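**Student:**
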Amino acid sequence: MKLKYFFIIVIILFVINCNTQNYQEEVSIVVESTVKDQSQLLFKKGNLLFNQKKYQEAIDFYNRSIKLNPSLPEVYINRGLAYERLNNNRLAINNYNIAIKLDPKNYLAYYNRAIIYYKFNKYQAAIEDNTKVIEIIPDFVLAYFNRGKIYYDLKNYQKSLIDFTKVIDLNSNYIYAYINRGNVFNSIKEYNKAIIDFTKAIEINPNIPIIYFNRAVTFDLLNDFKKSIQDYTKAIDLNPNLSIFYYNRGVAYYQTKNYKKSIEDFTTTIKLNPENDGAYINRGNAYASLKEYELAIKDYNQGIKINPKNPYNYKNRAIIYNIIGNKELADQDLTIAEQLENRSEINKDNDYL
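In this note's numbering, the protein residues as written are 679 to 1031.
(1) Leaving out five residues on either side along the sequence, give the residues of the same chain with a beta carbon under 7 angstroms from the beta carbon of Val708.
(2) What is the rounded straight-line gap between the Cα of Asp975 and the Cα of Val895?
(3) Between Gln980 and the rest of its own chain, which residues show a CB-CB distance below 6 angstroms, the 5 nearest in sequence each way excluded?
(4) Is the beta carbon of Ala966 closer than 8 angstroms to that of Ile932?
(5) What's the gap between the Cα of Pro751 and the Cα of Lys878?
(6) Ile1001 to Tyr869, Cα distance in whole Å?
(7) Hey, which unbroken runs of the alpha helix (DSSP H) at 4 residues or more fall wholly within the region 851-909?
(8) Is the CB-CB distance between Tyr795 and Ala787 below 8 angstroms?
(9) Considering only C-alpha positions, which residue in the set Leu899, Ser921, Pro989 and Ser865 is nearest to Leu950?
(10) What would DSSP say about Glu1019, mapped onto helix, strand or coil?
(11) Tell me which same chain residues have a C-beta within less than 6 angstroms of the C-beta of Lys912, skipping the five on either side of it?
(12) Per DSSP, what kind of secondary structure is Leu726 in: helix, strand or coil?
(13) Between Glu806 and Gly826, what straight-line distance do the alpha-carbon atoms span, to the nearest angstrom?
(14) Is the Cβ-Cβ distance between Ile771 and Arg791 less than 8 angstroms?
(15) Within its chain, find whatever has a CB closer than 6 angstroms to the CB of Ile948; leave out the 5 residues flanking it on each side and keep chain order.
(16) Under the three-state reduction of DSSP, which class applies to Thr809: helix, strand or coil?
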């Protein structure tokens, strides 16, 4: 039995020795495969933690994955996203840079990096990254949309218009493209086209208050206050907690000489935002139109208290002081207004030095 046992061992050793080179290659392949599999498992675990908003824990797993296999761009991209969620934008960009070096055609790395550049007002860099995304994937809607927003911020309205139109060509139901293109049309005073875009956005989703608000502003610019009031009212129905909705409707009511309704809206504005000096001044104007001069002066006083550097606040109060025969106080207010305006002109001149 011992001899037989020994014989078997010898045969096994002989077989191994005869195939040493092949065996080492096979072992190497198995080990490499195991390492890659382990790296992928760590990556997937990191993704699960990321989705649970456990960003630091996710980063720990991404680190381990990269240590085993440093050649996967998607791990760097997701680690970059995790750093971004933790407001560590420098490390986020570093990770996107590595991903781009590993795979220069990885559009997600450019796309994510562009978002950070935009966040920190590095508009040209953001434009270049979004353009790179478009070169790699010509029908990537969000790259056109984001680039259009950047062009809008830079007041390059024609290029912004081209990008938002391209988004609509690629996805005719992309509601925010219509909203933003409508804003561009407003900026270039193509008000009727803006209304068409806002109306299309409302058709797609009639429950977004800001669309009604934007269309209302456009109607104001066309002096169609009846329609603007209707849209402001709809916006308020959808979201009754935004002071700007009441403020703008108050202005529209004032323009239609409905001073009581105007006062109601400015009062609501003040309740929602007590530091809005414009609401006090405009309510004062409405009181003045109703010849409620004491209430008007009271509101002007409060508006000036909140914002003592606005010359128009003093001018409005001066008008009422003149009406009630207090020329001395009126002259004082006009003097202050003139001083503020002169100071403002000096500051403008200094901007060009």
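Backbone N, C-alpha and C fix where the C-beta goes; we use that ideal spot for every residue, glycine too. Note that the coordinates shown come from a computational prediction; the quantities given were computed from them, not determined experimentally.
**Tutor:** Reading from the atomic positions:
(1) Model confidence at Val708 stands at a pLDDT of 34, short of 50, so the residue's coordinates are unreliable; what they give is reported in the following sentence. Closer than 7 angstroms at Cβ, skipping near neighbours: no residue.
(2) Going by the sequence as given, residue 975 is Ile instead of Asp. Cα to Cα, the separation comes out at about 29 angstroms.
(3) Tyr958
(4) Checking the displayed sequence, the identity of residue 932 turns out to be Tyr instead of Ile. Taking 8 angstroms as the Cβ cut-off, Tyr932 and Ala966 do not qualify as a contacting pair.
(5) 40 angstroms
(6) 38 angstroms
(7) Restricting attention to alpha helix (DSSP H) runs no shorter than 4 residues, the region 851-909 encloses them at 853-865, 869-882 and 887-899, ordered along the chain.
(8) No. Outside cutoff.
(9) Ser921
(10) helix
(11) The beta carbon of Lys912 is closer than 6 angstroms to those of Tyr890 in its chain, skipping five residues each way along the sequence.
(12) It is helical.
(13) 12 angstroms
(14) The beta carbons of Ile771 and Arg791 sit closer together than 8 angstroms.
(15) So the list reads Ala957, once near-sequence residues are dropped.
(16) helix
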